[in-house]
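Presented below is the structure to which this report refers.
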């Protein structure tokens, strides 16, 4: 939830004048995304989302993200489509910040996805991978394994305070993954979403209706995106606790949905437990950093990292894709 | 900005089943109002706002607020119209909280109202007063003069810390108003909005398009509502400082707009400076309470009360309605 940048009446009017979108009928800050300011914008031409990019997003990456959405939309994949201004540019400046208007996407983000929705997101993810297979821009995963030791530095003590012995688990997992890393380098690569949590996916009932928020997208192993989804969609609500249950029907549905569009290669199936551990570790580490650096009572309450330590502990006991129901 | 209560998928679906609104197409938390949780809700039948009432609103008052909006909407006044469920009731329960669905109102809230918009809100306010003249429910103003000494208690020291000598100004103003109070008791009374700030008003360009957020509405002197608007619309942006300028073109436009629909009676004109002082004091006091009780870094940053002390100081030098440009 976040509306950081206020937009003045004159600035909005001048901004809209650059587009062929008619006049504004409604403009409301919405609680979508935590990195940027998002506004519901309705004009005489239709409904849109206006995004102002705050400092957490690197402005140099914006052409990559916007190009990615343009590529997807051009291929008919349901995602917010960047709207071009009269000069043919989608990326502009508003209130001193980079800003973009995108099309409005119907759908609701499930709070507790059911197995049918897990199957739907699996299919949607694979469709997205296929649609992006000829997207020619690349971006390094800035939160990949190379970044993890830096994120973990100095966190041991606070981790053990959250859960006794937790720092040992993380140290071991980091060492294991460093050792196994060469295995993942030979996997099929492409453009991945890298943050496909339920709040970044839309459904109408049980039917997948689109994906939003591509601001972690990067070039990496495609199966890593599936492993992130397994972590984000196929566990029971952990309520911030370490003890957390994997839901086999949801996980199996997710993988089956993915494979119905893009079957996994044997090497990808084999790497799935490793990738799932990596994904759990990545979200544990960034949540741990947020947890220890966010001041008490801050605007956005940080999520308890323990849930992801619990997932990591689960994945360390899984050794085959079948262990996830695949 | 506030989305406090999360709504689960099942709870939303069950709630919508009670209405004849079709299926949900979109559901997004919006940054509107600070007292309640508001969601943009789009269904196959249209666009709506779903509000969950949080603890700051007294549930016993809700029939008054909802009846008021029904009365206004029935009279063709532009405001959010409560939507009745199939059983004919508009006020229901969602996630354990009172909840209501209202119609979506087009329009934008001006951040810096111009004189044309000030005239528009004057007209709109008077139209609202006229439309509510036969609304038969009443509600006491819980933030009227009787409440002010209680709000002020124990604040002197912190007020002087904000601005040297401020507590003396407030003490004097409270005493003056207590003395002058009988004058205001004989003024025409009716249903007032009591919180008609620019963020509670909508415009399409310079044209008034509606009023929202009636959760401070009560039975009081009609001209007090105009005095609140003078405070909220006709001063230059104070940026939290005590030094603040009254804008005569905006104030004059506001009063002229009001009088074009409902001319003020001589007693109301005469009482305007007193009512304006009262309004400045009321918002100073509630902001002062929020200022001193809100923890650092809290979800909603409190507004600096000094701006309203500055308005109060201005009003104390005005002795006739002409002093406001009327």
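Chains as they are written, first to last, in the UniProt record's numbering: chain A, 1 to 326; chain B, 1 to 326. All C-beta atoms in this analysis are idealised placements derived from N, C-alpha and C, irrespective of residue type, glycine included.
The region 98-108 of chain A and the region 72-83 of chain A touch, with three or more beta-carbon pairs separated by less than 8 angstroms. Per the coordinates, the alpha-carbon of residue 14 (chain A) lies some 43 angstroms from the alpha-carbon of residue 169 (chain B). Going by DSSP, residue 42 (chain B) is part of the beta strand (DSSP E) stretching over 36-43.
Contact annotation for residue 6 (chain A) against chain B: 111 [CB-CB distance below 8 angstroms, chain order]. Between the beta-carbon of residue 27 (chain B) and that of residue 39 (chain B) there is about 6 angstroms, and that keeps the pair under the 8 angstroms contact cut. Relative to the Cα of residue 56 (chain B), the nearest Cα in the group B:245, B:305 and B:215 belongs to B:215. In this structure, the CA atom of residue 51 (chain B) is about 15 angstroms from the CA atom of residue 8 (chain B). Beyond the five residues adjoining it in sequence on each side, residue 24 (chain B) comes within less than 8 angstroms, by CB distance, of 12, 13, 16, 41, 42 and 43 in the same chain, given in chain order. Taking all protein chains shown into account, residue 248 (chain B) has fewer than 16 neighbouring C-beta atoms within 10 Å of its C-beta and is therefore exposed. Taking all protein chains shown into account, residue 6 (chain B) has fewer than 16 neighbouring C-beta atoms within 10 Å of its C-beta and is therefore exposed. If you check each beta-carbon in the region 221-244 of chain B against every beta-carbon of chain A, none falls closer than 7 angstroms.
If you look at residue 15 (chain A), you'll find it in the alpha helix (DSSP H) that goes 9-17. Under the 9 angstroms criterion on CB atoms, residue 208 (chain B) is classed as non-interfacial with respect to chain A. Within the model, the alpha-carbon separation for residue 259 (chain B) versus residue 91 (chain B) is close to 35 angstroms. Residue 97 (chain B) and residue 95 (chain A) have their C-alpha atoms some 37 angstroms from each other. Interface annotation for the region 23-36 of chain B against chain A: 23, 24, 25, 26, 27, 28, 29, 30, 31 and 32, criterion Cβ-Cβ distance under 8 angstroms.
Between the region 164-178 of chain B and the region 127-143 of chain B, the count of C-beta pairs closer than 8 angstroms stays below three; the two stretches do not touch. The three-state secondary structure of residue 122 (chain A), taken from DSSP, is helix. In the displayed model, residue 218 (chain A) falls within a strand according to three-state DSSP. Distance from the Cα of residue 19 (chain B) is smallest, within the candidate group B:29, B:46, B:35 and B:153, for B:46. Rounded to whole angstroms, residue 262 (chain A) and residue 225 (chain A) show a C-alpha spacing of 13 angstroms.
For residue 220 (chain A), the CB contacts under 6 angstroms within the same chain, skipping 5 residues up- and downstream, are 141 and 192 in chain order. Residue 48 (chain A): member of the beta strand (DSSP E) spanning 46-53, first to last residue. Here residue 112 (chain B) is exposed: its Cβ has fewer than 16 other Cβ atoms, across all protein chains shown, within 10 Å. Interface with chain B (9 angstroms Cβ-Cβ cutoff): residue 314 (chain A) is excluded. The criterion of a C-beta distance shorter than 9 angstroms is not satisfied by residue 250 (chain A) and residue 227 (chain A).
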